[in-house]
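**Q** In my numbering, the protein residues as written are 4 to 215.
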Amino acid sequence: MTGRLEGQVALVTGGGRGFGRAIALGFAREGAAVAVTARSRGQLDAVVDEIRASGGKAVAAARSNAAASQANLARLRQLQSYQTVRAPFAGVITVRNMFVFMTAHDRRRFVQKVDYISTMGPAGWREKQFPGNGPQWIVSPLGVFDFSGEDMTARLHGLFPGHTEEEITAATGFPVTRSQRFTDIEPPTASELALLREEVDVTGVLSEGERR
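As structure tokens, this is what we get:
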């Protein structure tokens, strides 16, 4: 544990099992306070208990209704202050900086227009005057997008080694435009690969998504 995420809050959706669970545990090991969401309350509680047993801070973000949103905001702010919270919450919540991790990259996931909006982008985040900056990156097995486009829309920030701009364009359902901050992404080091394969993606979910 390096404490690289000390003072940060991570919201992990689908964190009750598999890859989401591994991400939640990984963030907690690095010092982040973690809010975990999932459909199964039993799985949520198990992950939260595991994080707390190892000395981390976490809450289970179970489904609720919009009427609970103000209480939920207060609970998340408590978590940001590192006060332990046990009660469930859901609805409208704010995290200072969000990073979207996609386990696969294809036109079914990267669409021109979504059917349902589960969280706002950076523009909506600022319009509502939520604390922090909202989503900052979209990370997929092929590359990374930032939100530097017009009206804070997604732009291609970089490609992972072994992939091309043509490949990512073909797999994306909206026009791909380079970010002004476009850069080459260095290959992971041996120690980073070991961490990903042995600690984060132990079931091979991410590597399977990369092959699709």
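Even glycine gets a Cβ: it sits at the ideal position worked out from N, Cα and C.
Under a three-way DSSP split, which group does Val203 fall into?
**A** Taking the sequence shown and counting its residues from 1, one reaches residue 203 at position 200. In the structure shown, Val203 sits in a helix (DSSP, three-state: H, G or I).
**Q** Candidates Phe22, Gln11 and Phe163: which alpha carbon is nearest Arg200's?
**A** Here residue 200 refers to the residue found at position 197 of the sequence shown. When each option's Cα is compared against that of Arg200, the closest is Phe22.
**Q** Following the continuous alpha helix (DSSP H) through Ile54, name the residue where it begins and the one where it ends.
**A** Counting from 1 along the sequence shown, the entry for residue 54 is found at position 51. Run containing Ile54: Arg44 to Ala56, per the alpha helix (DSSP H) assignment.
**Q** Output needed for Glu202: all residues of its chain with C-beta closer than 7 Å, excluding positions within five of it in sequence on either side, in chain order.
**A** Residue 202 sits at position 199 when you count from the first residue of the sequence shown. If we look at Glu202 and ignore the five residues flanking it on each side, its Cβ neighbours are Gly29.
**Q** To the nearest angstrom, how far is the alpha carbon of Arg44 from that of Gln183?
**A** On the sequence shown, residue 44 is found 41 positions in, with the first residue counted as 1. On the sequence shown, residue 183 is found 180 positions in, with the first residue counted as 1. Roughly 43 Å between the two C-alpha positions.
**Q** Go through its chain and collect everything with a Cβ distance to Val142's Cβ below 6 Å, but skip five positions before and after it.
**A** In the sequence shown, residue 142 corresponds to position 139, counting from 1. Counting only Cβ-Cβ distances below 6 Å, and skipping sequence neighbours, we find Phe104.
**Q** From Phe185 to Ala49, what distance separates their C-alpha atoms?
**A** Translated into the one-based positions of the sequence shown, residue 185 becomes position 182. Translated into the one-based positions of the sequence shown, residue 49 becomes position 46. For Phe185 and Ala49, the distance between alpha carbons rounds to 40 Å.
**Q** Between which residues of its own chain and Ser57 is the CB-CB distance below 6 Å, once the five residues before and five after are set aside?
**A** Indexing the sequence shown from 1 puts residue 57 at position 54. Excluding residues within five positions, none has a Cβ falling inside 6 Å.
**Q** Per the contact definition of three or more C-beta pairs closer than 8 Å, is the stretch 126-137 in contact with the stretch 164-180?
**A** The stretch 164-180, when compared against the stretch 126-137, does not touch it at the 8 Å Cβ threshold.
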